[in-house]
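A.B. asks:
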Amino acid sequence: EAGVAQSPRYKIIEKRQSVAFWCNPISGHATLYWYQQILGQGPKLLIQFQNNGVVDDSQLPKDRFSAERLKGVDSTLKIQPAKLEDSAVYLCASSFRAGVETQYFGPGTRLLVL
Amino acid sequence: AQKITQTQPGMFVQEKEAVTLDCTYDTSDQSYGLFWYKQPSSGEMIFLIYQGSYDEQNATEGRYSLNFQKARKSANLVISASQLGDSAMYFCAMRKGAGGTSYGKLTFGQGTILTVHP
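So the sequences go chain by chain: R and E.
The working numbering puts the last residue of the first sequence at 892; the count rises by one with no breaks.
The working numbering puts the last residue of the second sequence at 366; the count rises by one with no breaks.
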């Protein structure tokens, strides 16, 4: 079974530029999560989707971050405009449903904002 | 609000020995789940073990066991017979709810870097 796929793996941009990350969850997984992991810290949830609806986006900086999950499968996370403090690893995870099932994580996208 | 505390920034262990990674949590919920993940230098988060708040037995998965002490609000990870490949960052995490009523969001601790020496 294929795991969670993410691209790109690495991205370097200058502040005020925009960037987008893509995630393809495990086939059949209805729940998708985006986490931000700043160096030296644990991941922090940005947004959670159940199919194509948002369940929790309370910690998403909505003035600059946006996310969508069209057709309840792939998801895109966008930052516009980027700030220096957005430098982090962005992890996508999926689970069969938002219940007891384990969340399976992708390899992450490492973003550096200069 | 939920909070996870991992007080050991780094731990060292000799190959083939056992090691305990500490995790304490704080929550006002009666129902919750506790997780341990491993993050190698490559970056992916690998699920290791899960313990539900209502589970009476400590969870075990191969060389991993979770020492769950509910009254102390601790959920320490024990790795037996350490291997060189166990060198990685380890995160303790919790989720509100256990069983069918749980909610997806994981709250993570700061992590512990484990180094296994030959």
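Even glycine gets a Cβ: it sits at the ideal position worked out from N, Cα and C.
1) At a CB-CB cut-off below 8 Å, which residues of chain R make contact with Ser290/E?
2) Which same chain residues, not among the five before or five after Val364/E, have their C-beta less than 7 Å away from its C-beta?
3) Buried or exposed: Lys861/R, going by 16 or more other Cβ atoms within 10 Å of its Cβ?
4) Decide if Gly310/E is buried, meaning its Cβ has at least 16 other Cβ atoms within 10 Å, or exposed.
5) Could you pull the start and end residues of the beta strand (DSSP E) that Met337/E belongs to?
6) Buried or exposed: which applies to Asn829/R, given that a residue is buried once 16 or more other Cβ atoms fall within 10 Å of its Cβ?
7) Glu292/E to Val782/R, Cα distance in whole Å?
8) Mapping DSSP to helix, strand and coil, what is Gly258/E?
9) In whole angstroms, give me the CA-to-CA distance for Phe316/E and Leu892/R.
10) Assign Ala866/R to one of two classes, buried (16 or more other C-beta atoms within 10 Å of its C-beta) or exposed (fewer than that).
11) Which residue from Ala341/E, Thr360/E, Leu362/E and Gly345/E puts its Cα closest to that of Lys251/E?
12) Thinking C-beta only, is Thr355/E closer than 7 Å to Leu269/E?
13) Let me check understanding here. Comparing Cα to Cα, which of Leu824/R, Gln819/R and Phe874/R lies closest to Asp834/R?
14) Identify the continuous beta strand (DSSP E) that holds Gln795/R and give its terminal residues.
15) Using a cut-off of 9 Å between C-beta atoms, extract the partners of Leu869/R located in chain E.
16) So which residues on chain E does Pro786/R lean against when the C-beta distance must stay under 7 Å?
17) What is the DSSP secondary structure of Leu740/R, reduced to helix, strand or coil?
18) To the nearest whole angstrom, what separates the beta carbons of Glu846/R and Ser836/R, a pair I think is in contact under 8 Å?
19) For the stretch 823–835 of chain R, enumerate the residues whose C-beta is nearer than 9 Å to any C-beta of chain E, in chain order.
20) Is the CB of Pro821/R under 7 Å away from at least one CB in chain E?
21) Using the C-alpha atoms, what's the distance from Phe843/R back to Gln795/R?
22) Under 7 Å between C-beta atoms, does Gln358/E make it to chain R?
23) Can you tell me whether Ser276/E is buried or exposed, with buried defined as 16 or more other CB within 10 angstroms of its CB?
24) Between the C-alpha atoms of Lys849/R and Lys318/E, what's the straight-line distance to the nearest angstrom?
C.D. replies: Let me spell this out:
1) Residue 290/E sits at position 42 when you count from the first residue of the second sequence. Pro885, listed in chain order.
2) The sequence position of residue 364/E within the second sequence is 116, counting from 1. Around Val364/E: Val261, Glu263, Ser330, Gln331, Leu332, Asp334 and Ser335.
3) On the first sequence, position 83 is the one that residue 861/R refers to. When all chains shown are included, Lys861/R counts as exposed.
4) For this step, residue 310/E is matched to residue 62 along the second sequence. Gly310/E should be labelled exposed.
5) Translated into positions along the second sequence, residue 337/E becomes position 89. That run of the beta strand (DSSP E) goes Ala336 to Lys344.
6) Start at 1 with the first residue of the first sequence, and residue 829/R comes out as number 51. Asn829/R is exposed by the Cβ-count criterion.
7) Residue 292/E sits at position 44 when you count from the first residue of the second sequence. Residue 782/R sits at position 4 when you count from the first residue of the first sequence. Computed Cα separation, rounded: 10 Å.
8) Taking the first residue of the second sequence as position 1, residue 258/E is located at position 10. It is a strand residue.
9) Here residue 316/E is taken as the residue at index 68 of the second sequence, counted from 1. Here residue 892/R is taken as the residue at index 114 of the first sequence, counted from 1. Phe316/E and Leu892/R: Cα-Cα distance of roughly 43 Å.
10) Numbered from its first residue, the first sequence carries residue 866/R at position 88. Buried.
11) By 1-based counting over the second sequence, the position of residue 251/E is 3. Among Ala341/E, Thr360/E, Leu362/E and Gly345/E, the Cα nearest to that of Lys251/E belongs to Ala341/E.
12) The residue you call residue 269/E lines up with position 21 of the second sequence. The residue you call residue 355/E lines up with position 107 of the second sequence. Result no, Cβ atoms of Leu269/E and Thr355/E do not sit closer than 7 Å.
13) Numbered from its first residue, the first sequence carries residue 834/R at position 56. It is Leu824/R whose Cα lies nearest to the Cα of Asp834/R.
14) Numbered from its first residue, the first sequence carries residue 795/R at position 17. Looking at the DSSP string, Gln795/R is not in any beta strand (DSSP E), and its letter there is neither H nor E.
15) For the purposes of this step, residue 869/R is taken as the residue at position 91 of the first sequence. In chain order: Gly291, Glu292 and Met293.
16) For the purposes of this step, residue 786/R is taken as residue 8 along the first sequence, with counting starting at 1. What Pro786/R touches in chain E: nothing, since even the nearest Cβ is about 13 Å away.
17) What is shown of chain R runs 779 to 892, which leaves residue 740/R out entirely.
18) Locating residue 846/R in the first sequence gives position 68, where the first residue counts as 1. Locating residue 836/R in the first sequence gives position 58, where the first residue counts as 1. Not quite, the Cβ-Cβ distance comes to about 17 Å (not below 8 Å), so this is no contact.
19) Leu823, Gln826, Gln828, Val833 and Asp834
20) Residue numbering aside, residue 821/R sits at position 43 when the first sequence is read from its first letter. By this cut-off, Pro821/R is an interface position.
21) Locating residue 795/R in the first sequence gives position 17, counting from the first residue. Locating residue 843/R in the first sequence gives position 65, counting from the first residue. Between Gln795/R and Phe843/R, the C-alpha separation is close to 12 Å.
22) Residue 358/E sits at position 110 when you count from the first residue of the second sequence. Yes, contact with chain R.
23) Reading the second sequence from its first residue, position 28 is the one you call residue 276/E. Counting Cβ neighbours within 10 Å, Ser276/E comes out exposed, since fewer than 16 surround it.
24) Within the first sequence, the letter at position 71 stands for residue 849/R. Within the second sequence, the letter at position 70 stands for residue 318/E. So the alpha carbons of these two residues sit roughly 41 Å apart.
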